[in-house]
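Structure first, then comments.
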Amino acid sequence: MIHAQSRFKAAGTNARRFMQGAAIAALLLAPSIAFADGNTDEQMAQMQRKLDEAMAAIQALSGTVTALQSELASQKQHTAKPAANTEMMAELDERVEELEDVVDTIDSRVGSRAVANAFDAKKLDIGGFVDIATTLAIGEDKTEASFNREVFELLIKADLGQSWDLFVAQAFIRNAPLVFSDPDGRRSPFFSNNNSPVVTDTVIAWAQYSKNDMFNVQFGRYITPHGIINIEHFPANLLDPEQPQFLRPFPAQTIFANFTDGVNVHGSKYIGNNKFSYNAYAGTWAGNSTNLNVGGRLAYSFADSGLTFGLNGTYGDRSSTTDASFGVLGADVLFKKGRWTWKNEVYVTDEENAPGKTAFYTMPAYKLNDKWTAFYRFDYLDTGGPGGESIENAAGLTVRPVPNVHLRGIYRWHHDTADAGIPAADTHVFQLSTTFNF
Amino acid sequence: MLSTFSKLALAAVLTGAIALFSFSAAAETYAVVVNVENSFDGDDAAKKQQVKRLYLKEQSAWPGGIAAVPFGRADGSAEQIAFAQAVLQMSPSDIEGHWLNLKQVRGETPPRGIGSARILSRQIGKTPGAFGVVLASEVAGVENGKVLFEFSTE
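Protein chains in written order, with the numbering used here: chain A, 1 to 438; chain B, 1001 to 1154.
What follows is the structure in C-alpha cells.
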C-alpha cells in the first residue's frame, strides 16, 4: 500500500512539473512565433493551434492529477485498518457457519413436523423401554417354552418449576406364562409371578418437592426404598430382569412391598469423598390400604474403596383383614470398582401369626469389556411356610451392542427343598431377553 | 563411515524422537469454565471431584448454594472425550450406564451438550451456576466467566 501511495505521489509530481514546463514553453514560444518572418496569417493560426493544444494538454493533465489525488485519498480512507477488518470478517464467517450448523441440527430434528409442547410443565422428558423375554423351562412336571413376557413402559418426567417435579412410569404388560401343574406354583421358575395375560400398572407416580440435596419429599407411588436391586428396579438397568426371589411375585410383599403409596422423605450429603444418604417413608400397599407401614434406609458410600453399606428396616401390617403385623431388618453391601460390581442383600422378618422369613442373595458381575458383562447370582429364600426353601443359581452373559439395547442370555437352576410332605423339585430355565430403551 | 548397527540405532533414535514430538504435539489443554459469580474454591482435586458430582447430577448445587447448571459438549467431540477421561474418569459405557440408571429411577437426563464454544460461553456468562469445558485457547472468549481449573490430555 505504501508502494502504491508513493507511485501516485510521484505521478502527481511529474504531471505538475510537466504542466508548468508546457505553460512556460507556450508563453515563451508565443511572442517568438508572433514576430517571426512573414507574420503571415498562416503562422498565426499555427501558433494559435499549438497554444490551444498546449492548453488542452495542461487541462487534461490537471484533470488527471485531480483524479489521482482523489483516488489516493480514497485509498487512504479504505485501507486505514486492513488487518482488523480481515480478522473481523473471518470471525463473522465462522459465527455464521456455527449458526448454520445449529439451525441445520434443529431443522433435522423438527423439520416440518409439529413441535410438542407441555401444557403446564416447564420441561417435559418422555422415554421408556420395551422388554421382551423368551424362556425354556425344564421342570419336574414337563418342559415348556414361550415368549412369556412383553413389557412396554412409558416414563415421563415433568419439571413443574419452583422446586417441584413429577415422575410417572406407566407399564403395559402382556404375559404368556409357562404353566406348571404344581398348584402352589412352587415348581414354576417364576415363583407364582403375576401371570395375568394383560396387566396395566401405574408403577410409579410421584410428585416431589426438593428443598436441597439433603431434603426431598416424594408424594404418591414410589419404589419402596430398600436394598439395591429394588431401587434400580427397571429391566434396562438390570443384568437379570428376573429379580431376586424376595422381590417376587411382582408386585407383592414377600419380604417388603415393591411399591408403596405414601410419602417418602429422602436426601444425601457428601462428607469429604464419602456419601451419606437416607430414606424415611410411610405409606400403604395395594391390598392393605388400611394399615400404615413405615420404614427407612440409611446408606454410606466410601468413594475410595467403592463400597456402599446399607441398613433397611420397616414395620407394618401385611393384611387389612387379619392380624399380620411384621417387622423387617435388612442389610446390603455394594462393591463397585473398576470392572467389578458385587451386590449383596440379606433380610429377616418377624411375622405375627406366621413364621419368620429369610432372604439372601449375592451377585458378582464382571465387565469383560465396554459391552459384555458376565454375572452369577446365588439366591436363597425361606418364606417359613410349607414348601421349604427355594435356592437359585443363575449365570448369565449380557451385551449392549449399542447403549439403548441390552441383550441377555441366562441359565437358572431353581431348586425347592423337600418340606412338609412336598417333594423336592428342580427346574432348569434358559432365558433370552432383550430390553430396548428410548 | 557409520556401521550398519550405528545407522539402525540412529534411525531408531530419530524415529523415537519424532514419535515423542508428535505425541507431545497432540496433547491439548482444556479448561473447565464457570460463571464469574461462582465463588467455589479448593485444590484441583477438590474442584474436579465437585465438577464430577455436579455433572453427573449426584449433587444439584455448588457448595456456596448456587444451583448447578452443567453443560456438556457435543457427543464425540474432543472436549467431551477429554472431559470424560480426565474429570469424570469414567469409560463411555460407565457413563451410559449412569445416565440409564438415573433416567429410569429419577427421570434425570444428561446435561445438554453444546457444540459451539461461543454458545457455551454465552450460557456460562449469563447463568451463575453454569459450567462447561472449552479449549484453553478459547477461554478468552468467555465473557463474564472464569477458569475453575485446567487439564491436559495425553
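By construction, the Cβ of each residue, glycine as well, lies at the ideal position given by its N, Cα and C atoms.
Note that this is a predicted model, so its numbers are computed, not measured.
In three-state DSSP terms, what is Ser192/A? Any reading at Ser192/A must be qualified, since the residue scores a pLDDT of 49, below 50, and its modelled position is unreliable; the value itself is stated next. The three-state secondary structure of Ser192/A, taken from DSSP, is coil.
Could you spell out where the alpha helix (DSSP H) holding Asn273/A opens and where it closes? Element bounds for Asn273/A: n/a, residue is neither H nor E.
From Asn1085/B to Arg318/A, what distance separates their C-alpha atoms? According to the sequence provided, residue 1085/B is Gln. The question's Asn does not apply to it. Going from the Cα of Gln1085/B to the Cα of Arg318/A covers about 49 Å.
Cα-Cα separation, Ser192/A to Thr1029/B: Unreliable positioning characterises Ser192/A in this predicted model, as indicated by a pLDDT of 49, which lies under 50. A coordinate reading is not provided.
Hey, Gly330/A and Val346/A are a contact pair by Cβ (cut 8 Å); roughly how many whole angstroms apart? Contact holds; Cβ gap of about 6 Å.
Taking the straight line between their C-alpha atoms, what separation do you get for Thr1127/B and Val1147/B? 15 Å
Give me, in chain order, the residues of the same chain whose beta-carbon lies closer than 7 Å to that of Ala418/A; leave out the 5 immediate sequence neighbours on both sides. Gly388 and Ala424
Given a cut-off of 8 Å on the beta-carbon distance, is the pair Ala236/A and Phe167/A in contact? no
Burial state of Ala116/A, where buried means 16 or more other Cβ atoms lie within 10 Å: exposed
Bridge-paired residues (DSSP) for Asp131/A: Val151/A and Thr435/A
Going by DSSP, name the residue or residues bridged to Arg377/A. Arg377/A is bridged by DSSP to Ala394/A.
In chain B, which residues lie with their C-beta within 9 Å of the C-beta of Pro364/A? Those within 9 Å of Pro364/A in chain B number zero; the least Cβ separation is about 17 Å.
Backbone secondary structure at Phe35/A - three-state DSSP: In this predicted model, Phe35/A has a pLDDT of only 47, less than 50, meaning its place in the structure is not dependable; the value taken from the coordinates is given anyway. In the displayed model, Phe35/A falls within coil according to three-state DSSP, outside both helix and strand.
Which residues in chain B sit within 8 Å of Asn230/A, going by Cβ to Cβ distance? Ordered by position in chain B, no residue passes the 8 Å Cβ test against Asn230/A, which lies about 11 Å from the chain.
Is the separation between the beta-carbon of Ser390/A and that of Glu352/A shorter than 8 Å? no
Note down the Cα distance separating Gly409/A from Phe430/A, rounded to an integer number of angstroms. 8 Å
Pull out every residue of the region 1053-1072 of chain B whose Cβ sits closer than 9 Å to any Cβ of chain A, in chain order. Arg1053, Glu1058, Gln1059, Ser1060, Ala1061 and Gly1065
What residues from chain B crowd round Glu98/A, counting only those whose CB sits closer than 7 Å? Ser1116 and Arg1118
How many Å lie between Arg1053/B and Asp1044/B at the Cα? 14 Å
Could you tell me whether any Cβ in chain A is nearer than 8 Å to the Cβ of Gly1107/B? yes
Quick check on the DSSP output: the alpha helix (DSSP H) that includes Asp1044/B runs from which residue to which? Asp1044 to Tyr1055
Check Thr341/A in the structure and name its three-state DSSP category. strand
Which chain A residues are close to Gln1049/B, counting only those with a beta carbon under 8 Å from its beta carbon? Asn273
On the three-state DSSP scale, how would you describe Asp419/A? Asp419/A falls in the strand class under three-state DSSP.
I'd like to confirm something about Thr417/A: is its beta-carbon nearer than 7 Å to some heavy atom of the ligand FAD, or not? Questions concerning the ligand FAD fall outside what the structure shown contains, since it holds no ligand whatsoever.
I need the boundaries of the beta strand (DSSP E) containing Gln170/A, first residue and last residue. Trp164 to Asn175
Count Cβ pairs between the region 265-281 of chain A and the region 289-307 of chain A that sit closer than 8 Å; are there 3 or more? yes
Find the residues of chain B that neighbour His233/A, judging by a C-beta separation of less than 9 Å, and give them in chain order. Within chain B, the residues Gln1104 and Val1105 have their CB atoms less than 9 Å from the CB of His233/A, given in chain order.
Just checking: is the beta-carbon of Lys371/A within a distance shorter than 8 Å of some beta-carbon in chain B? yes
Whole angstroms are fine: how far does the CA of Ala394/A sit from the CA of Ala137/A? 13 Å
Mind listing which residues of the region 1135-1150 of chain B have their C-beta closer than 7 Å to chain A's C-betas, in chain order? none
Cross-strand partners of Leu1135/B (DSSP beta bridge): Tyr1030/B
Residue environment, Lys211/A, which counts as buried when at least 16 other CB atoms sit within 10 Å: exposed
Helix, strand or coil, according to DSSP, for Leu27/A in the structure here? Low confidence applies to Leu27/A: its pLDDT is 49, below 50, so where it sits in the model is not reliable, and the reading given next is rough at best. Helix, per DSSP.
Between which two residues does the beta strand (DSSP E) harbouring Val203/A extend? Unbroken beta strand (DSSP E) run through Val203/A: Val198 to Asn212.
Beta-carbon within less than 8 Å of Gly63/A's beta-carbon, same chain only, minus the 5 sequence neighbours each way: which residues are those? Taken in chain order, the list of residues that qualify is empty.
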